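Before any comments, here is the structure.
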Amino acid sequence: MDPMVMSLARQAGQAVVAAMASEMWPIVRDRLTRLYARTSEGRASEVADALEDSRRAVLGGNSSPDFVATRWQGRFEAMLEVHPDQLEPLREVVVGATVEAETDPGQVFRVGSGTVLGHGQIVAHNLGGGMIWP
């Protein structure tokens, strides 16, 4: 896989987790749901549910922010392999999540027993697991 695609998928996974602990969450969730709807109409509902499940797992301390970011990175990589035309729309979601966030990049969120710095820099996590994608 192209290193640029892998990097974007990693950034997207981190942006999703950072958004979970911010006021940007509904916007990021809805943008990702629309992005997946472009790939398959039936997939949008499944992705929306998975995003909410992931958020509950992270905020509840049942899964580490790092684990969830990595899982979403894998999902984004898989989606981009099948739908490379979604590269720019995914980049727009990541840029929008970072630029529009009213979060100071140095702000620290406590998420469960994990820690997330503003703009998705994950610095510590618990060892939680849990099923995130059925």
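Using my numbering, the first residue of the sequence shown is number 877, and each one after it goes up by one.
The beta carbon of each residue, even a glycine, is placed where N, CA and C say it ideally should be.
Fair warning: this is a prediction, and the values are worked out from it, not measured in the lab.
Within the same chain, and ignoring the five residues on either side of Met896 in sequence, the residues whose Cβ sits closer than 6 Å to its Cβ are Arg931 and Val934. Per DSSP, reduced to three states, the secondary structure at Gly889 is helical. Separation of Val892 and Asp961 (C-alpha to C-alpha, rounded to the nearest whole angstrom) is 20 Å. Between Thr909 and His959, the C-beta spacing is not below 7 Å. The beta carbon of Arg907 sits closer than 6 Å to the beta carbons of Val969 from its chain, once the five residues preceding and following it are set aside; these are given in chain order.
About 6 Å separates the beta carbon of Leu966 from that of Leu911, a gap short enough to meet the 8 Å contact definition. With contacts defined by Cβ atoms closer than 7 Å, Ala894 and Gln949 do not form a contacting pair. Secondary structure at Ala897: coil, using DSSP grouped into helix, strand and coil.
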